[in-house]
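Those protein sequences? They're chains Z and Y, same order as listed. So the first sequence is numbered by full-length UniProt numbering: it starts at 1 and just counts up by one. So the second sequence is numbered by full-length UniProt numbering: it starts at 1 and just counts up by one. Reading through the structure tokens given below for one structure.
Protein chains: 2
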Amino acid sequence: MSPIPGPLVRVTAVETYDIRFPTSRELDGSDAMNPDPDYSAAYVVLRTDAADGHEGHGFSFTIGRGNEVQVAAIDALRDHVVGRSVDELCADPGSLNRELIGDSQLRWLGPEKGVMHMAIGAVINAAWDLTAKRAGKPLWRLLADADPEWLVSQIDFRYISDALTPDEALDILRRGRAGAEGRRNVLSERGFPAYTTSAGWLGYDDEKLTRLAAQAVADGFRQIKLKVGADLDDDIRRCRVARSVVGPDIRMAIDANQRWDVAEAIRWTKALAEFDPYWIEEPTSPDDVLGHATIRAAVAPVKVATGEHVQNRIVFKQLLQAGALDVLQIDAARVGGVNENLAILLLAAKFGVPVCPHAGGVGLCELVQHLSMFDYLAVSGTTDDRVIEYVDHLHDHFLDPVMIREGHYMAPTTPGFSATMRPESIARYTFPGGTFWAADLDRQKGHAA
Amino acid sequence: MSPIPGPLVRVTAVETYDIRFPTSRELDGSDAMNPDPDYSAAYVVLRTDAADGHEGHGFSFTIGRGNEVQVAAIDALRDHVVGRSVDELCADPGSLNRELIGDSQLRWLGPEKGVMHMAIGAVINAAWDLTAKRAGKPLWRLLADADPEWLVSQIDFRYISDALTPDEALDILRRGRAGAEGRRNVLSERGFPAYTTSAGWLGYDDEKLTRLAAQAVADGFRQIKLKVGADLDDDIRRCRVARSVVGPDIRMAIDANQRWDVAEAIRWTKALAEFDPYWIEEPTSPDDVLGHATIRAAVAPVKVATGEHVQNRIVFKQLLQAGALDVLQIDAARVGGVNENLAILLLAAKFGVPVCPHAGGVGLCELVQHLSMFDYLAVSGTTDDRVIEYVDHLHDHFLDPVMIREGHYMAPTTPGFSATMRPESIARYTFPGGTFWAADLDRQKGHAA
């Protein structure tokens with residue numbers, strides 16, 4: 001609303017890429033529900049005609065097949081984005097969020113869940129990447145510096161106003177500013193605590209588990225995580241091995257990746273309780289609010305954690321209302337992007353539940369660190385019992401990869417959302433035409449011949 | 001597993017079509033959340049090399065934009081289907097259901113919700129259409145004649161075993177057989193009760209509402225439905241008009257299409273209570289189990305109905321566990337197809353809640369009548385307080401359209417799931433290349449020139 005408008009700068013293109021990494025060949029990322037993931041990104045770039053040359057990058061994370069469906073969903077949003085004023089978009093990314101969520105025809109494909117909602121998340125996150133780049137700040141800093149009133153204006157309170165009103169959100173954000181300066185110094189010097197899942201994939205043998213668990217402790221991590229849920233005897237053995245390696249003072253989370261029904265989750269978790277697991281993650285379907293509440297009541301003092309597959313703020317609201325979790329795990333790319341994650345962080349603060357993000361995959365660590373750092377600086381004000389998942393995969397494909405030091409995420413300093421993938425990685429791993437996959441296809445033809 | 005196998009018959013192709021009808025031009029189907037739907041189908045045909053020439057037809061229903069995403073999702077399932085033995089598929093459609101739900105990479109795109117889950121529903125329903133055609137029976141009859149043990153084997157109990165066990169399901173189905181012969185005679189003679197939404201679209205003026213409501217009563221319907229939620233004064237006026245036309249003995253449901261938050265739903269519904277609404281449908285987000293429970297407790301004796309956007313059996317389970325609804329509205333094409341709807345019908349029976357299906361759209365009436373008729377014959381055993389939605393749209397595009405007589409759905413007699421669209425309709429409304437859309441594009445170019 002400048003009185004003397006400059007030349008109108010617009011979003012000129014929404015480009016999409018189907019990028020897949022052949023991770024299944026190493027059993028990296030294997031768990032009880034996902035035996036052979038090929039970590040993938042439905043990747044989106046917002047281009048503009050601004051003289052600064054900044055682009056907005058974002059993506060949905062998938063694990064292989066169906067990544068083309070996710071790309072098609074992002075493509076379906078193109079007409080809402082191309083031609084928008086960049087100044088207006090970056091002054092109010094929430095306006096795009098409301099428009100994408102509100103498309104009355106696309107809404108039928110969700111609403112606010114699954115493929116279509118993840119596509120909205122990719123585009124919205126790209127808009128925030130662009131916003132932060134143009135502001136010359138890493139996203140965590142942009143959010144932490146923002147006026148509480150403006151942050152509240154970015155949130156869609158529809159369907160959560162019975163649990164969190166705009167006034168309550170504003171109060172939380174105003175209170176959250178107290179002491180932010182001191183916390184920013186802590187963040188700059190020590191970073192934000194991480195835990196590592198790299199030791200505990202189901203596909204790893206005991207020797208590899210032992211070696212990687214010891215390495216994790218040596219590297220400064222205070223929490224590790226093991227995948228469980230395929231075979232109880234194996235889980236007992238692996239938990240015993242891991243606990244004996246890390247000792248009693250390192251927190252050891254376990255993660256069932258939705259493998260169980262309610263009764264089985266309770267039985268299995270109790271059978272592993274002797275190894276003092278810190279939390280049981282995704283004990284059952286992410287849709288089962290009441291099931292999680294039942295499990296939590298039964299397995300205490302083992303904590304219940306979930307969220308990486310929770311579809312939106314409405315389900316998170318109910319998990320909190322029902323007392324169904326001890327640890328809330330946001331994911332940067334599952335819900336509708338930054339705007340919805342602001343709502344979820346504030347819901348968690350209202351209910352006093354710590355947020356420990358899901359990460360790993362492709363670029364999820366890069367994105368979600370910004371949200372936890374904002375949470376620390378401006379919402380929860382603490383890192384007590386807060387850790388961001390860390391997995392040592394695929395970071396080298398990003399221009400601004402996460403930096404881990406002594407078990408902590410160091411605060412990014414590059415402007416943006418750390419979402420930009422290296423052009424050479426895009427060229428190599430675009431499916432099926434990129435150089436890696438084209439050569440792979442040639443190899444397969446060679447074997448077949 | 002025949003000892004002397006015949007020639008192996010396989011699924012040879014999975015063909016998909018993006019079919020869109022320009023319904024937005026007449027404001028048919030307009031409601032508070034969906035002002036301008038273009039009723040569409042992501043349509044799938046399973047072809048086989050069987051000598052009988054039968055094909056399996058199915059579809060996802062959408063309301064326009066994004067139908068191409070839905071088609072892409074069905075395409076992503078093709079490799080699971082092509083090459084399957086037709087005999088094995090038709091002997092156990094649940095085997096395909098388990099395989100599609102269980103694809104470890106595609107699962108990440110849901111799990112069991114949104115675009116990917118609706119695609120599974122389309123393919124599974126096509127498999128049941130093929131099964132029923134090959135059996136020479138309409139689907140309702142095939143299901144009602146089936147052994148309870150076999151029906152139970154078709155159900156995926158994962159994540160619902162805390163509310164319904166296989167043994168409980170078997171008991172319900174065994175009890176359900178008592179008196180089925182008499183009910184089949186009733187069904188043949190009188191059909192299954194319907195209610196009509198055709199009078200109450202938000203886009204219609206009072207004159208059209210008056211005329212169509214009077215016509216509905218004259219046609220023998222004992223329940224009508226009005227869309228509400230855009231403007232309270234309008235809703236009060238329209239409810240008054242409709243109630244004065246139909247009199248006190250016709251049930252009048254109201255439908256907010258998810259327009260409200262919890263407190264607003266309670267306030268608005270109470271403001272319309274003087275017109276004696278039978279149920280309030282979709283008062284808030286379909287994801288909000290606890291919100292529906294709060295609303296139901298507050299608006300009684302007005303009943304709470306929901307389900308057309310409920311993503312899967314897990315959310316239905318919780319709606320029942322939480323006492324959040326009085327009327328459960330299955331949709332034939334939103335969840336994972338017949339197999340999951342069997343689970344939902346049995347859950348409803350376990351909790352004693354009547355099932356009143358959502359229909360309308362493209363072909364939803366054609367499909368869902370089979371499920372209600374099965375419910376009547378083999379599960380609930382009654383049509384008391386049970387009605388199937390009826391909307392008089394687009395039936396002429398189907399080879400075996402629904403037949404309504406005196407406010408009842410007459411039982412289909414043609415083998416299959418009534419899902420087969422006329423070839424000429426497919427040719428005309430395929431988007432964007434079909435003859436209607438190509439001519440439409442030409443007209444638009446003409447106007448622009």
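Just so you know, even glycine gets a beta-carbon here, dropped at the ideal spot from N, CA and C. Since the model is a prediction, treat every value here as computed from it, not as a measurement.
- Cα separation between E308/Z and P423/Z? As a first step, residue 308/Z is located in the first sequence; it is residue number 308 there, counting from the start. As a first step, residue 423/Z is located in the first sequence; it is residue number 423 there, counting from the start. Looking at the two C-alpha atoms, the distance is approximately 28 angstroms.
- Query: Among V362/Z, M410/Z and H395/Z, which one has its Cα closest to the Cα of I63/Z?
  - Reply: One-based indexing of the first sequence puts residue 63/Z at position 63. Nearest to I63/Z by alpha-carbon distance, out of V362/Z, M410/Z and H395/Z, is V362/Z.
- Message: Just to confirm before moving on: does the CB-CB distance between E340/Z and A305/Z stay below 8 angstroms?
- Response: Translated into positions along the first sequence, residue 340/Z becomes position 340. Translated into positions along the first sequence, residue 305/Z becomes position 305. For E340/Z and A305/Z, no; Cβs fall outside 8 angstroms.
- Out of V69/Y, A132/Y and L109/Y, point me to the one whose CA is closest to D92/Y's CA. Counting from 1 along the second sequence, the entry for residue 92/Y is found at position 92. Measuring from the Cα of D92/Y, the nearest candidate turns out to be A132/Y.
- Task: Scan the region 72–90 of chain Z for residues whose Cβ lies nearer than 7 angstroms to a Cβ of chain Y and list them as they occur along the chain.
- Result: The residues in question are A72, A73 and A76.
- Tell me, please, which residues DSSP counts as bridged to F398/Z. Walking along the first sequence from the start, residue 398/Z turns up at place 398. BP columns for F398/Z point to M421/Z.
- Query: Does any residue of chain Z bring its CB to less than 8 angstroms from the CB of S285/Y?
  - Reply: Reading the second sequence from its first residue, position 285 is the one you call residue 285/Y. Interface residue, yes.
- Item | Residue of D87/Y, D49/Y and H117/Y minimising C-alpha distance to F61/Y | What you label residue 61/Y is simply residue 61 of the second sequence in a count that begins at 1. Checked all of D87/Y, D49/Y and H117/Y; the closest Cα to F61/Y is H117/Y.
- Query: Taking buried to mean at least 16 other C-beta atoms within 10 Å of its own C-beta, is S380/Z buried or exposed?
  - Reply: Position 380 of the first sequence, counting from 1, holds the residue named residue 380/Z. So S380/Z ends up on the buried side.
- Message: Closer than 7 angstroms between beta carbons: that is the criterion. Which residues of the region 153–179 of chain Y meet it against chain Z?
- Response: R158, Y159, S161 and D162
- Task: Would you kindly check if the distance between the Cβ of D162/Y and the Cβ of A263/Z is under 8 angstroms?
- Result: Numbered from its first residue, the first sequence carries residue 263/Z at position 263. Numbered from its first residue, the second sequence carries residue 162/Y at position 162. In this structure, D162/Y lies closer than 8 angstroms to A263/Z by Cβ.
- Message: For chain Y, check one thing: does any of its Cβ atoms lie closer than 8 angstroms to the Cβ of E99/Z?
- Response: Numbered from 1 along the first sequence, position 99 holds the residue referred to as residue 99/Z. Judged by the 8 angstroms Cβ criterion, E99/Z is not in contact with chain Y.
- Message: Alpha carbons only, please: which of V335/Y, S372/Y, V115/Y and V315/Y is nearest the one belonging to R140/Y?
- Response: Residue 140/Y sits at position 140 when you count from the first residue of the second sequence. Correcting the residue identity first, residue 140/Y is Trp in this sequence and not Arg. That would be S372/Y, whose Cα lies nearest to the Cα of W140/Y.
- Message: With a threshold of 8 angstroms between beta-carbons, can H329/Y be considered close to chain Z, or not?
- Response: Start at 1 with the first residue of the second sequence, and residue 329/Y comes out as number 329. Before going on, a small fix: residue 329/Y reads as Gln here, not His. It does not: the Cβ of Q329/Y has no partner Cβ on chain Z nearer than 8 angstroms.
- Query: Since L106/Y meets chain Z, which of its residues come closer than 8 angstroms, beta carbon to beta carbon?
  - Reply: Within the second sequence, the letter at position 106 stands for residue 106/Y. Per Cβ cutoff of 8 angstroms: R65 and G66.
- Runs of beta strand (DSSP E) lying entirely within the region 178–248 of chain Y, each at least 3 residues, in chain order: 192–200 and 223–227
- Please check if any C-beta of chain Y sits within less than 8 angstroms of the C-beta of H408/Z. Your numbering for residue 408/Z matches position 408 in the first sequence. Answer no: the Cβ-Cβ gap between H408/Z and chain Y never drops below 8 angstroms.
- Using the C-alpha atoms, what's the distance from L96/Y back to H352/Y? Locating residue 352/Y in the second sequence gives position 352, where the first residue counts as 1. Locating residue 96/Y in the second sequence gives position 96, where the first residue counts as 1. Here residue 352/Y is Gly; the residue named in the question, His, does not match the sequence. Roughly 30 angstroms separates the two Cα atoms.
- Query: So, residue 453/Y versus V69/Z, is the Cβ gap smaller than 8 angstroms?
  - Reply: One cannot answer for residue 453/Y here, as it falls past the ends of chain Y, which runs 1 to 449.
- Report yes if the C-beta distance between E389/Z and A359/Z is below 8 angstroms; otherwise report no. If you number the first sequence from 1, residue 389/Z lands on position 389. If you number the first sequence from 1, residue 359/Z lands on position 359. A contact, by the Cβ cut-off of 8 angstroms.
- With distances taken Cα to Cα, identify the nearest neighbour of R211/Z among D31/Z, R238/Z and D234/Z. Locating residue 211/Z in the first sequence gives position 211, where the first residue counts as 1. It is R238/Z.
- Burial state of K445/Z (16 or more Cβ within 10 Å): Taking the first residue of the first sequence as position 1, residue 445/Z is located at position 445. Under this definition K445/Z is an exposed residue.
- Query: Under a three-way DSSP split, which group does residue 523/Z fall into?
  - Reply: Shown here, chain Z extends from 1 to 449; a query on residue 523/Z therefore has no answer.
- Item | Interface flag, L109/Y vs chain Z, CB-CB below 8 angstroms | Position 109 of the second sequence holds residue 109/Y. Cβ-Cβ to chain Z under 8 angstroms: yes for L109/Y.
- Item | Neighbour flag for T62/Y against chain Z, beta carbons, 8 angstroms | Residue numbering aside, residue 62/Y sits at position 62 when the second sequence is read from its first letter. By this cut-off, T62/Y is an interface position.
- Query: Taking three-plus beta-carbon pairs below 8 angstroms as touching, is the region 416–435 of chain Y in contact with the region 198–206 of chain Y?
  - Reply: No, they do not touch.
- CA-CA distance, T48/Z and D145/Z? As a first step, residue 48/Z is located in the first sequence; it is residue number 48 there, counting from the start. As a first step, residue 145/Z is located in the first sequence; it is residue number 145 there, counting from the start. Rounded to whole angstroms, T48/Z to D145/Z spans 25 angstroms at the Cα level.
- Cross-chain neighbours of L290/Z in chain Y, by beta carbon under 7 angstroms: Locating residue 290/Z in the first sequence gives position 290, counting from the first residue. Correct list: Q318, Q321 and A322.
- Task: Taking only beta carbons into account, state which residues of the region 225–244 of chain Y come closer than 7 angstroms to chain Z, listed in chain order.
- Result: None of the residues of the region 225–244 of chain Y has a beta carbon lying less than 7 angstroms from any beta carbon of chain Z.
- Task: With 9 angstroms as the C-beta to C-beta threshold (strictly closer), list the residues of the region 297–318 of chain Z near chain Y in chain order.
- Result: H309, Q311, N312, I314, V315, K317 and Q318
- Check the C-beta distance from S285/Y over to I155/Z and give it rounded, since I have them as a contact under 8 angstroms. Here residue 285/Y refers to the residue found at position 285 of the second sequence. Here residue 155/Z refers to the residue found at position 155 of the first sequence. Contact flag wrong, Cβ pair sits at about 16 angstroms.
- Message: Counting only Cβ-Cβ distances shorter than 8 angstroms, please list the residues of the region 366–377 of chain Y near chain Z, keeping chain order.
- Response: none
- In chain order, what residues of the same chain have a beta carbon less than 6 angstroms from the beta carbon of Q223/Z, not counting five sequence neighbours either side? To locate residue 223/Z, count along the first sequence from 1; it is residue 223. Closer than 6 angstroms at Cβ, skipping near neighbours: Y195, R251 and V387.
- With DSSP as the reference, label residue 450/Z as helix, strand or coil. Chain Z is shown only over 1 to 449; residue 450/Z falls outside these bounds and no answer can be derived.
- Query: Which two residues bound the contiguous alpha helix (DSSP H) that contains S40/Z?
  - Reply: For this step, residue 40/Z is matched to residue 40 along the first sequence. Premise fails: S40/Z lies in the beta strand (DSSP E), S40 to T48, not in any alpha helix (DSSP H).
- Cβ-based burial, T435/Z [other Cβ within 10 Å; buried from 16]: The residue you call residue 435/Z lines up with position 435 of the first sequence. When all chains shown are included, T435/Z counts as exposed.
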